[in-house]
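Residue numbers (the numbering used here), protein chains in the order written: chain A, 1 to 121; chain B, 1 to 168.
For glycine and all other residues, C-beta sits at the position ideal for the given N, C-alpha and C.
Written out below as structure tokens is the structure these notes cover.
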Amino acid sequence: MANVLIVDDSSTMRKIISRSLRQAGLPVDEVFEAGDGIEGLNVLSSGKTIHLVLSDINMPNMDGIEFVKMVRASGNNVPIVMITTEGGEEIIKEAIESGASDSIKKPFTPDKLQEKLGGLL
Amino acid sequence: MSLNPDIAAAKIITEEQLAKFIVDATQEVFSTMVMMDAEDEYPLQEPVRRFKCSITGMVGFAGIYSGVISVHCPVDLALKITSNMLGIECDEVNEDLNDAIGEIANMLGGGVKQVLSKGGQDVKLSIPTVISGEDYTVNSLSDIDCVVIPFKIGDDKFLVGLTLKKED
């Protein structure tokens, strides 16, 4: 079973993603939440075991791409999948080049989560 | 209300095509994330600027295009939408309600951005803004730059509006 960190400034989206992970039948144990990149970094540096990070891109304080860069700069290789409304090719390319593993566009279905995340958990 | 011809010409897209895109994007968001079927009633018969017991979620665009996409929803319907999205009963205007309507505007903004900016770097989205109240008005600076799509879910109705301006 895996622990997942969801980084999204929308509490609604965090709840939907959390629920969808379980609806998709993914082997999820604990789900941790963060409201922006800074909070996400705090969770990752808190000593909790995190097996997968799902992050939005467009967030206040620290956006998802900066968050990915900071995680990789700290030497953490946890898989990070961007879940975002930002479906533009250049933004996704920048996220991948910064160290993100993959991306999922909102809106999404549990089946899409299963397809994208099944191999990471 | 109609779309600015400069925008339609620049993207080689007609107002009807853009309206269809907004309809498709809205229906996708509602069917996948809200688990409700939204039926479009395009075109809007008369402009609507005054809202009573309603909530409005807005996301702005900036870059080669500027503008706002907005979702205007009666509070009663917004409560049903929020309850469906969260899987819990929501019966009052609170942070959950504001966040849910803001996130719907955000997802619609992301969809429109994909039409306007293939790469995604030359149009930026704002963080969502949500307003609500017993009686308020929302005015665009220019009606000719607007396209507004009415939708209904059962007997409840809501609007999705897009105001766009191409920057020089």
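Asked: Using a 10 Å radius around the Cβ and a threshold of 16 neighbouring Cβ atoms, would you call residue 120/B buried or exposed?; Found: buried
Asked: Cβ atoms of residue 21/A and residue 50/A: under 8 Å apart, would you say?; Found: no
Asked: Less than 8 Å between CB atoms is the rule here; does residue 22/B satisfy it with respect to chain A?; Found: no
Asked: I'd like to know if residue 1/B contacts chain A, where contact means its C-beta is closer than 8 Å to some C-beta of that chain.; Found: Residue placement at residue 1/B is poorly supported in this model, since its pLDDT is 47, which falls under 50; the coordinates still yield a value, given next. So, not an interface residue.
Asked: Could you spell out the range, first to last residue, of the beta strand (DSSP E) harbouring residue 102/A?; Found: 102-105
Asked: If you measure beta-carbon to beta-carbon, which residues of the stretch 71-102 of chain A are closer than 9 Å to chain B?; Found: 84, 85, 86, 87, 88, 89, 90, 91, 92, 93, 94
Asked: 8 Å is my cut-off, CB to CB: does residue 61/A come that close to chain B?; Found: no
Asked: Who are the near neighbours of residue 26/B in its chain, counting only those whose CB is closer than 8 Å to its CB and skipping five residues on each side?; Found: 38, 40, 108, 149, 151, 160
Asked: Apart from the five residues just before and just after residue 75/A, which ones in its own chain have a Cβ nearer than 7 Å to its Cβ?; Found: none
Asked: State the DSSP-derived secondary structure class of residue 158/B, mapped to helix, strand or coil.; Found: strand
Asked: Give the single residue among 58/B, 91/B, 157/B whose Cα lies nearest to the Cα of residue 101/B.; Found: 58/B
Asked: Once the 5 residues before and after residue 30/B are set aside, which same chain residues still bring their CB inside 6 Å of it?; Found: 36, 38
Asked: Would you decide whether residue 113/B is buried or exposed? Buried here means 16 or more other CB atoms lie within 10 Å of its CB.; Found: buried
Asked: Could you tell me whether any Cβ in chain C is nearer than 8 Å to the Cβ of residue 10/A?; Found: The structure shown has no chain C; the protein chains it does contain are A and B.
Asked: Under the three-state reduction of DSSP, which class applies to residue 107/B: helix, strand or coil?; Found: helix
Asked: Tell whether a beta-carbon distance below 8 Å holds between residue 130/B and residue 85/B.; Found: no
Asked: Three-state secondary structure (DSSP) at residue 1/B?; Found: With a pLDDT of 47 at residue 1/B, under the threshold of 50, the modelled position of that residue is not reliable, and the figure given next carries that caveat. Residue 1/B: coil per DSSP, three-state reduction.
Asked: Taking only beta-carbon positions, decide if residue 58/A is within less than 8 Å of chain B.; Found: yes
Asked: The stretch 74-92 of chain B: which residues have C-beta closer than 7 Å to a C-beta of chain A, in chain order?; Found: 85, 86, 87
Asked: Where do the ends of the alpha helix (DSSP H) carrying residue 21/B lie?; Found: 15-29
Asked: Three-state secondary structure (DSSP) at residue 13/A?; Found: helix
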